[in-house]
Each structure stands twice: as C-alpha cells, then as structure tokens.
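Offset between the sequence shown (1-based) and our numbering: plus 6.
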Amino acid sequence: MTTGVAIASLIVAAAGTAVGVHQQRKAENAREDADKMQQAQAELANQRAIRQTIAQSRMEQANMLSGAYASTGGASSSGVQGALGAAQTQTASNIGFANQTMAANRGINDALGNYNRFSSNAATAGAVAALPGQFGWDVKSSAETLGLAQPKKSAASATWP
7 MTTGVAIASL IVAAAGTAVG VHQQRKAENA REDADKMQQA QAELANQRAI
57 RQTIAQSRME QANMLSGAYA STGGASSSGV QGALGAAQTQ TASNIGFANQ
107 TMAANRGIND ALGNYNRFSS NAATAGAVAA LPGQFGWDVK SSAETLGLAQ
157 PKKSAASATW P
C-alpha cells in the first residue's frame, strides 16, 4: 500500500466518523423533539381523561343527591353521605391510577428512547469502522505504511537466537 493510499484511507475513516457523528446528533435531536411532542400529547389525553372522570363523578353525586331529596326530603342520611364519600374515593382512585399510568408511560418512553439512541450509535460506529474495508483498504496496513505500527514478523522469517 502506498503512502498516499494509506493517508487517504485514514482521512476517509476520520471524515466518515465526523459526518456520522454529526448526522447521529441531528437524528437524536429530531427524535427528542418528537418524543417531547408525543409526551405532551399523552399528558393532554391524561388531563382530559381526569376531567371526564371528575365530571362523571359529579353527575353521579348529583343523581344520588336528587334521589335522596326525592325519597327522603334531604341529603343528610348516613347512607347518602356514605354513597357520596364512596363516589369521591373512587374518583380519587381513578385519578391516581391515571397519573401512575402516565408516569409509567413516561418511563417506558425514556427507556425506549435510550435503547434506540444506543442502538443507532452502535450501528453508526460499526459502519464507520467498516468504511475503509469497503474500499479494500486495511487500516492496519495503512498504519504500518505510515510508521504508526510495526508489522508483525511472520513465523518463517523469525530467527532463533
């Protein structure tokens, strides 16, 4: 391998690495933007579900109170108060579950984002490492040609002391 070809192979490997890293960062930034938008969308859906749960609970409580007024003339009986308390407890439980689900989804999205980023980085590094070989260049021989590495002696050329 000539010195020019050796230098060219090292330059191509370095340039490929630089371009790959730059493109990888751009891709990660775009993915992070998409993740943020998806997270915001999920949070809006969660807020809407919570509002619907609260509205449904209020309607149920109003129906209980109107039924109590119609049948007993008041809402102070222990049965009515117990039913109202149970409805409020169930509403709070449903909201808590929605919030826990949202937190779990956030964690899953973060873990998948990390997985995708690390997988992409590994693929980029592998592609860059293989680049000189795709042109028939051997980085080891390029380094030897440039005096950056010592060639190994073959067993046939080795002498015994």
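Note that CB positions come from ideal geometry on N, CA and C, so glycine has one too.
- In terms of CA proximity to Ala109, Gln45 leads the group Gly142, Gln45, Ala24, Ala36.
- Around the beta carbon of Thr151, a 10 Å sphere encloses 16 or more other beta carbons of the protein chains shown; the residue is thus reported as buried.
- In terms of CA proximity to Thr97, Ile60 leads the group Ser15, Pro138, Ile60.
- Scanning its chain for C-beta atoms nearer than 8 Å, with the 5 sequence neighbours on each side dropped, one finds around Ser83 the residues Ala74, in chain order.
- Take the alpha-carbon of Ala117 and the one of Gln47: they are about 18 Å apart.
- With distances taken between CA atoms, Val27 lies nearest to Phe124 out of Phe124, Gly139, Gly142.
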